[in-house]
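Under the numbering used here, the first residue of the sequence shown is numbered 3, with each subsequent residue one higher. Yeah, the Cβ is synthetic: ideal placement off N, Cα and C, and Gly gets one too.
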Amino acid sequence: MSEEARRIARATLPEGLRPETLAVRTALAPSQHGENSEALFLTSAYVQPDAETSAQRFANSEDFTYSRTSNPTVRSLEARLAAMEGTEAAIATSTGMSAILLLGMGVLKAGDHVICSRSVFGSTINLFAKEFAKFGVETTFVSQTDLADWRAAIKPTTKLFFAETPTNPLTEVCDIRALADLAHDAGAVLAVDNTYSTPALQRPTEMGADIVMHSATKYMDGQGRVMAGALCGSSKWIRDVFGPILRTVGMTLAPFNAWVVLKGLETLSLRMKAQSEQALAVALWLQAQPEIDQVYYPSLASHPQHDLAMRQQSGQGGAVLSFDLRADTPEAARAAAFHVIDSTRVLSIATNLGDTKSIITHPATTSHGRLTEVQRQAAGIGQGLIRLSVGLEHVDDITDDLLRGLSTLTTR
Ligand SMILES: *Cc1c(COP(=O)(O)O)cnc(C)c1O
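Following this line, the structure appears as structure tokens:
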């Protein structure tokens with residue numbers, strides 16, 4: 003074997019590999035050292051062999067010149083993500099929010115109109131309603147689940163439909179296929195925030211969505227360490243539209259964060275399955291507790307979009323569920339919710355989700371704290387609502403931890 007051939011670690015991967023395999027194996031080829039775990043390239047610039055090569059590489063955005071524009075670790079993450087979403091390409095960003103910023107900068111211009119579900123992530127609403135509005139982009143917020151509401155909002159200037167499913171904290175599910183058809187009939191594109199299901203459960207482009215957006219901060223990292231985001235879609239969108247904007251604007255993902263998420267993806271499908279099973283067990287347990295009024299979780303037969311959710315999400319509900327405590331007044335409901343949250347000794351009181359550590363949250367005073375009471379009521383976020391992101395602790399320790407507060411409620 004020649005010295006050159008010895009350096010080539012392996013032939014390229016065969017066609018037709020399954021998603022679990024792609025999640026572990028897709029990456030750039032290893033370096034000449036043949037590392038089995040993908041390397042972390044912490045470098046801002048790349049040395050060029052000579053001026054002529056340098057000129058060529060600067061002319062071709064796919065070559066490595068400077069890490070705002072491209073980095074091998076980030077590129078490996080992008081390749082793996084695209085393989086898992088089943089899209090031609092993916093582009094990584096510094097956070098989930100910067101992925102939506104990049105989406106808007108690529109799809110919209112002054113005078114354009116957006117239709118967005120009113121139940122999406124709070125900062126997403128602010129980005130469309132406040133920040134994009136400054137640049138002459140108008141957004142209409144509509145019902146998460148009523149298709150007629152989306153249809154009625156269409157204008158000649160509508161360029162983007164933005165959906166998120168399931169939503170936080172009430173796990174409402176929208177019909178991706180139906181929204182894609184509606185968007186395309188209107189000459190618009192459909193972007194889906196797939197943070198809550200990840201490609202391990204749901205692949206929106208297979209249901210007609212044009213662009214998939216992620217906060218990789220959640221399940222993809224999966225252990226609550228780093229911030230990251232991404233857009234996935236056709237080469238036309240990712241390489242021709244979003245790539246040049248990101249290279250100019252600089253919402254670039256740091257290589258270290260990319261490396262952490264790249265490793266997280268290797269266990270994503272196992273974690274999604276295990277955390278979904280645990281969440282269902284917790285949801286069923288909660289349903290049987292007398293202090294609880296309603297449990298919101300897509301895998302429960304009582305969920306209003308149960309059948310649709312099971313079809314879209316590979317039969318799994320994900321790790322996030324929420325529940326309402328019984329109480330006569332908003333004040334009593336809030337006191338009961340705080341008591342349950344403060345009685346836990348295992349769960350983390352925090353606002354992240356998708357972590358291996360279970361997290362308990364009071365949406366009305368955190369993620370939805372800036373809404374007025376009227377807006378909160380309209381969104382169905384009562385003072386007695388508690389959100390749970392179910393992790394990988396033993397499921398009995400999670401329910402025991404909830405029981406500490408539930409069994410000592412004075413409103414019982
Ligand atoms: C967290 C989150 C975002 C924002 O992502 P960051 O990484 O925090 O910027 C967007 N959408 C959803 C559904 C999220 O949960």
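Judged by DSSP secondary structure, D295 falls within the beta strand (DSSP E) whose first and last residues are 294–298.
DSSP places R389 inside the beta strand (DSSP E), whose first and last residues are 387–391.
By the CB criterion at 8 angstroms, I388 and A339 fall inside the cutoff. In this structure, the C-beta of N170 approaches ligand 1 to less than 7 angstroms from one of its heavy atoms.
Listed as beta-bridge partners of D195 by DSSP are E166, M215.
Placement of the Cβ of T159 at a distance of 7 angstroms or more from every heavy atom of ligand 1 is found.
Less than 8 angstroms divides the Cβ of M229 from the Cβ of T97. Under DSSP, E268 takes part in no beta bridge, so it has no partner. In terms of CA proximity to F325, A335 leads the group P158, A335, S316, Q318.
Selection I127, A41, F123, R77 evaluated against I240 yields R77 as nearest (Cα-Cα). Among the bridge pairs identified by DSSP, F143 is matched with C118. By the neighbour-count definition (other C-beta atoms within 10 Å, threshold 16), A329 is a buried residue.
Cα atoms of T368 and R378: separation of roughly 12 angstroms, rounded to the nearest angstrom. The criterion of a C-beta distance shorter than 8 angstroms is not satisfied by L30 and A84. V228 sits in coil when the DSSP states are folded into three classes, being neither helix nor strand. Looking at the backbone, the Cα of A190 and that of L390 are separated by about 35 angstroms. Residues H341, V342, S345 of the same chain have their beta carbon placed closer than 6 angstroms to that of G407, with the five preceding and five following residues left out of the count. By the Cβ test, the region 277–288 is in contact with the region 305–320, since at least three Cβ pairs between them sit closer than 8 angstroms. For a cut-off of 8 angstroms, the C-beta gap from E174 to S121 is around 5 angstroms, short enough to register as a contact. In the structure shown, D326 adopts extended strand secondary structure according to DSSP, grouped into three states. For ligand 1, a non-hydrogen atom lies closer than 7 angstroms to the CB of Y198. Apart from the 5 residues on each side of it in sequence, T159 sits with its Cβ closer than 7 angstroms to the Cβ of G113, D114, H115 in its chain, given in chain order.
According to DSSP, C234 shares a beta bridge with A92, V214. D187 and R179 have their C-alpha atoms roughly 12 angstroms apart. For R70 and L15, the gap between their C-alpha atoms comes out near 28 angstroms. Boundaries around T363 are those of the beta strand (DSSP E), 361–363, since no alpha helix (DSSP H) includes it. In the assembly as shown, D403 is a buried residue. Its beta-carbon has 16 or more other beta-carbons within 10 Å.
Unbroken beta strand (DSSP E) stretches of 3 residues or longer found wholly inside the region 41–97: 91–95, given in chain order.
Within the same chain, and ignoring the five residues on either side of T142 in sequence, the residues whose Cβ sits closer than 6 angstroms to its Cβ are I117, A155. For the set E268, E87, T207, the Cα lying nearest the Cα of S39 is the one of E268.
By the beta-carbon neighbour count (other beta carbons within 10 angstroms, threshold 16), T55 is exposed.
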